[in-house]
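Scroll down for the structure; my scribbles are underneath it.
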Amino acid sequence: MSMTHYMELLAVNQPWNLILFMAIPVILAETVAITELVILFTRRFDGNVRRLNKICSIIGGFYFLFVFIYLFISAVIPLTMNGEWRGWIDVIAVTFYLLGVIPLVGLSLLDLHIIGRSWSEEKKLKVHAIFVGIFLIVAHIAMIFGMLDPSLGSGHGHHMNM
Numbered sequence: 001m002s003m004t005h006y007m008e009l010l011a012v013n014q015p016w017n018l019i020l021f022m023a024i025p026v027i028l029a030e031t032v033a034i035t036e037l038v039i040l041f042t043r044r045f046d047g048n049v050r051r052l053n054k055i056c057s058i059i060g061g062f063y064f065l066f067v068f069i070y071l072f073i074s075a076v077i078p079l080t081m082n083g084e085w086r087g088w089i090d091v092i093a094v095t096f097y098l099l100g101v102i103p104l105v106g107l108s109l110l111d112l113h114i115i116g117r118s119w120s121e122e123k124k125l126k127v128h129a130i131f132v133g134i135f136l137i138v139a140h141i142a143m144i145f146g147m148l149d150p151s152l153g154s155g156h157g158h159h160m161n162m
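Residue numbers (full-length UniProt numbering): 1 to 162.
This is how it looks when you write it as structure tokens:
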């Protein structure tokens, strides 16, 4: 069975690639998601939970921006230039993984007051929650397509007997 470049990235150089490209961004993003729920329910815009939420969203956004730049330069451009994509499933997996940069950087910019400076706390909370939701959607699409055998998209899938 062949694998997508997304899954191959996580599988090689164990455990470092898994830690750098999956564990760190997901732990930061899920910490933001969980603390976001606490903030949404309590409406407390201060305190330790909000502080943790803010720290994780700022670090997560900038961390993933560096991941995005690194993978775009070292993987996406060479794969595209050399025609080495493994079909449309492979492209979707990698593209949606990298699309996570938009909501994560959005969270950072919001928490650094670069965007939404004049917004009410309610509006900031709403936009923050929307960014978290968008990240969860693109990350899950990346994971689902990343786990598929890319040859399934070509109509010539491998058949394995169990």
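All C-beta atoms in this analysis are idealised placements derived from N, C-alpha and C, irrespective of residue type, glycine included. Only a predicted model underlies this, so the values are computations on that prediction, with no experimental measurement involved.
Going straight from the alpha carbon of residue i to that of residue j, what length do you get?
i	j	result
residue 171	L28	Because the chain spans 1 through 162 in this model, residue 171 falls outside it and cannot be assessed.
E8	F135	22 Å
V67	S108	15 Å
E36	P103	14 Å
F64	M22	10 Å
M81	N17	24 Å
H159	G153	Because H159 sits at a pLDDT of 46, beneath the cut-off of 50, its placement in the model cannot be relied upon, and the point is left open.
A75	V91	12 Å
H113	G60	16 Å
G157	F41	Note that G157 scores a pLDDT of 49, beneath 50, so its modelled location is shaky; the value from the coordinates is reported in the next line. If you take the alpha carbons of G157 and F41, they lie about 47 Å apart.
M3	I144	12 Å
N13	W85	21 Å
I69	I77	11 Å
N48	S118	23 Å
residue 220	K123	Shown here, the chain extends from 1 to 162; a query on residue 220 therefore has no answer.
Measure the Cβ-Cβ separation of residue i and residue j and say whether it is below 8 Å.
i	j	result
residue 163	G100	Residue 163 is absent from the model: the chain starts at 1 and stops at 162.
A129	F96	no
L98	F62	no
L10	I89	no
Comparing C-alpha positions only, which one of the options sits nearest to residue i?
i	options	result
G146	S118, I73, I102 and A93	A93
L110	S57, V12, W85 and D90	S57
E121	I77, I144, D46 and I69	D46
I55	I69, Y70, E30 and I77	E30
Pop quiz: residue i and residue j are said to be a contact at Cβ under 8 Å. What is the actual Cβ separation, rounded to whole angstroms?
i	j	result
I39	L125	7 Å
R44	R50	7 Å
H5	L79	7 Å
T53	V26	For the sequence presented, residue 53 should be read as Asn rather than Thr. Their Cβ separation, rounded to whole angstroms, is 16 Å, which puts N53 and V26 out of contact at 8 Å.
P150	G87	5 Å
G116	V127	6 Å
Within the present structure, is the beta-carbon of residue i separated from the nearest heavy atom of the ligand ADP by less than 7 Å?
i	result
M22	No copy of the ligand ADP appears in this structure; indeed no ligand is present at all.
Would you verify that the beta carbon of residue i is, or is not, closer than 8 Å to some beta carbon of chain B?
i	result
M147	The displayed structure is made up of one protein chain only, and chain B is not part of it.
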